[in-house]
Amino acid sequence: MIIAIVKKEMLALLRDGRFLLLALSIFILLSGFFLASSAEYQQIQAEKQAIGADVRQQWDNQGVKNPHSAAHFGIYVFKPDLALAAIDPGLRPFTGQSLWLEPHKRNLNRYTPAADQTLAGRFGQMTAAFVLYALLPLMMIALAFNAISQEREQGTLRMLHCLGISGKQLLLGKFIGLLSAFILVLSPAVVVSLSILAYQFSLNSDDLSRMLILSLGFLSYYAIFAALSMAVSAALPSSRAVLFSLVAFWLASVLVAPRIGAAVAESLQPSPEATQFWQAIHHDIQNGLDNDGNAKAREAAFKQQVLQQYGVERPEDLPLGYTALLRHFNDEYASKVHDLHFGKLRDSFQQQQALSHLASCLGPTIAMRSLSMTLAGMDLRHQYHFDDAAEQYRHYFIGLTDDWDRQRSQGTQRNAEGDNLDWHSVEAFNYNPPNWQFALTTAWLDLVVLAAWLAAALSLLILAARRLKP
Numbered sequence: 063m064i065i066a067i068v069k070k071e072m073l074a075l076l077r078d079g080r081f082l083l084l085a086l087s088i089f090i091l092l093s094g095f096f097l098a099s100s101a102e103y104q105q106i107q108a109e110k111q112a113i114g115a116d117v118r119q120q121w122d123n124q125g126v127k128n129p130h131s132a133a134h135f136g137i138y139v140f141k142p143d144l145a146l147a148a149i150d151p152g153l154r155p156f157t158g159q160s161l162w163l164e165p166h167k168r169n170l171n172r173y174t175p176a177a178d179q180t181l182a183g184r185f186g187q188m189t190a191a192f193v194l195y196a197l198l199p200l201m202m203i204a205l206a207f208n209a210i211s212q213e214r215e216q217g218t219l220r221m222l223h224c225l226g227i228s229g230k231q232l233l234l235g236k237f238i239g240l241l242s243a244f245i246l247v248l249s250p251a252v253v254v255s256l257s258i259l260a261y262q263f264s265l266n267s268d269d270l271s272r273m274l275i276l277s278l279g280f281l282s283y284y285a286i287f288a289a290l291s292m293a294v295s296a297a298l299p300s301s302r303a304v305l306f307s308l309v310a311f312w313l314a315s316v317l318v319a320p321r322i323g324a325a326v327a328e329s330l331q332p333s334p335e336a337t338q339f340w341q342a343i344h345h346d347i348q349n350g351l352d353n354d355g356n357a358k359a360r361e362a363a364f365k366q367q368v369l370q371q372y373g374v375e376r377p378e379d380l381p382l383g384y385t386a387l388l389r390h391f392n393d394e395y396a397s398k399v400h401d402l403h404f405g406k407l408r409d410s411f412q413q414q415q416a417l418s419h420l421a422s423c424l425g426p427t428i429a430m431r432s433l434s435m436t437l438a439g440m441d442l443r444h445q446y447h448f449d450d451a452a453e454q455y456r457h458y459f460i461g462l463t464d465d466w467d468r469q470r471s472q473g474t475q476r477n478a479e480g481d482n483l484d485w486h487s488v489e490a491f492n493y494n495p496p497n498w499q500f501a502l503t504t505a506w507l508d509l510v511v512l513a514a515w516l517a518a519a520l521s522l523l524i525l526a527a528r529r530l531k532p
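My numbering runs 62 ahead of the 1-based position in the sequence shown.
Laid out in structure tokens, this is it:
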């Protein structure tokens, strides 16, 4: 009986003019937004590659100069985006386009696109992901809001009851039929988008795994809206009341909950001011952590240790460059302080992200948006993974220039020199993004929230089926 109801619902929807109109709208919207997002993605990647090549050429051709002066020239590195970033750019407009690596200091990412946007552009990102998590649930509501209430209003619900069709069979059949029809109408746009993605980018197994998980996530997300729509349609007496209730839920989930979640997270876990953040780092470098002593005391102890190690009385008598030695010692301590404060800043942001899920009681959209960003590699954890790799590279090339400076000078002299052969010998930054297992581990809270909402929606659907009256 359920199979018959599923077939009947799918045929009815396919013959419905609303369905065909929505199908065409979905295809145009999703394909159009994807093409726009894909074009922006390609432009950004091309700019990153071009600027990265120019920066590397400038580094390689600095000419003859002191190795430490060459290090201060610095190197810009850029985070390569995954293919799914063409669908969901996530936090890219807010995390910065490049990272400058220089001696003595760990930097934050620079040049956020959001800073250059107009006021109107900051109200929201028009991307393919926006269509998937914001607009398609509204279309699901448009198809499902009168699935049961219309049967009651037209008197056919009583006829179905007389035929021996139980409320559970009816609602389950309509639910499966609606979801199947929705997937069917969504398929052409998805196939076109994935075909364009496969044509433009060389997809690997990790990309395909992320796409599969994201597809299952969105399927669960749409199932939540479908089940809730059916349950409300069965519970309320009129289609008008059902539509009003479901649109209110959509507004709460898609528009209200993210803003409330952000406000709650910021009030419970406020972010430090940028000036306070850098002042705290400077204070701890100068005054020391715990019982390490201040900068002068640490330098005096280091000087005494080096003199004893080489058996000389003055830094001027050392067989290698003392200035480079001392600088390397101070940089290692500065890196320790930077790691401590950057770790606290990250913990603060991650706690904010977790607290924002408190607003998920209003709807599943927060969890779906976060899962989409994570699988696209455009969330905070993927950004931190890149930042840590860049920091390791910074230690590598700064340490290399310090070695040249130390080995090519004596005592307190600063006459070491390097040339283009040295700069060419510095390996290029090569970043490998983490795999899909990393993304799943990162998104565990999002998966829990989505699973909880799906279980709640299906439970309400079953409850509505038991209480359904003609």
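For every residue, glycine included, the Cβ atom is placed at its ideal position computed from N, Cα and C.
Given a cut-off of 9 angstroms on the beta-carbon distance, is the pair residue 373 and residue 472 in contact?
no
Identify, in the order they occur along the chain, each residue of the same chain with its Cβ nearer than 7 angstroms to the Cβ of residue 518, setting aside the five sequence neighbours on each side.
none
Write down the C-beta distance between residue 413 and residue 442 rounded to the nearest angstrom, noting that I regard them as a contact closer than 8 angstroms.
Going by Cβ atoms, the distance from residue 413 to residue 442 rounds to 11 angstroms, so no, they are not a contact pair.
Taking Cβ positions, are residue 211 and residue 296 nearer each other than 9 angstroms?
yes
Pull up the DSSP beta-bridge partners for residue 162, would you.
BP columns for residue 162 point to 138.
In this structure, how does DSSP classify residue 323 when only helix, strand and coil are distinguished?
Residue 323: helix per DSSP, three-state reduction.
For residue 83, does the count of other Cβ atoms within 10 angstroms reach 16, so buried, or fall short, so exposed?
exposed
Could you check what DSSP says for residue 172 in three-state terms: helix, strand or coil?
strand
Does the count of Cβ pairs from the region 193-213 and the region 503-520 closer than 8 angstroms reach three?
No: the two stretches stay apart, fewer than three of their Cβ pairs being nearer than 8 angstroms.
Here's the rule: buried if 16 or more other CB atoms are within 10 angstroms of the residue's CB, otherwise exposed. What is residue 156?
exposed
Based on DSSP bridge pairs, tell me the residues matched to residue 110.
According to DSSP, which records beta bridges pairwise, residue 110 is partnered with nothing at all.
Of the residues 246, 408 and 449, the one placed nearest residue 491, counting alpha carbons only:
449
Less than 9 angstroms between the C-beta atoms of residue 286 and residue 142, yes or no?
no
Residue 439 (DSSP reduced to helix, strand or coil):
coil
Please return the same chain residues whose Cβ sits closer than 7 angstroms to the Cβ of residue 110, not counting the five positions on each side in sequence.
The answer, listed in chain order, is 140.
Would the region 388-397 and the region 273-285 be scored as touching if the rule is three or more Cβ pairs under 8 angstroms?
Under the 8 angstroms Cβ criterion, the region 388-397 does not count as touching the region 273-285, having fewer than three qualifying pairs.
Quick check on the DSSP output: the alpha helix (DSSP H) that includes residue 367 runs from which residue to which?
357-372
Distance, residue 248 Cα to residue 93 Cα
So the two alpha carbons sit approximately 11 angstroms from each other.
Measuring only the C-alpha atoms, how far is residue 498 from residue 371?
49 angstroms
With a threshold of 8 angstroms, are at least 3 pairs of Cβ atoms found where one atom belongs to the region 450-467 and the other to the region 142-154?
no
Entirely within the region 294-338 and at least 4 residues each: give me those alpha helix (DSSP H) ranges in chain order.
301-313 and 319-330
Using a Cβ-Cβ cut-off of 8 angstroms (strictly less than) and excluding sequence neighbours within five positions of residue 323, which residues of its own chain qualify?
417, 418, 419, 420, 421, 422 and 428
Please state the DSSP three-state secondary structure of residue 508.
helix
According to the Cβ coordinates, are residue 137 and residue 153 closer than 9 angstroms?
no
Could you name the residues that DSSP lists as bridge partners for residue 127?
480
Just to confirm the assignment, what range does the alpha helix (DSSP H) spanning residue 396 have?
384-418
Bridge-paired residues (DSSP) for residue 167
164
Three-state secondary structure (DSSP) of residue 81:
helix
C-alpha distance - residue 106 paired with residue 513, whole-angstrom precision:
35 angstroms
Need the endpoints of the alpha helix (DSSP H) that residue 206 sits in, please.
198-206
Contact under 9 angstroms by Cβ, residue 363 with residue 464
no
Alpha carbon to alpha carbon, how far is residue 232 from residue 304? Give it in angstroms, no decimals.
Distance between the alpha carbons of residue 304 and residue 232: 18 angstroms.
Roughly how many angstroms lie between the CA atoms of residue 523 and residue 329, to the nearest whole one?
36 angstroms
Evaluate the contact criterion for the region 334-352 versus the region 398-412: three or more CB pairs, one atom per stretch, below 8 angstroms.
The region 334-352 vs the region 398-412: in contact.
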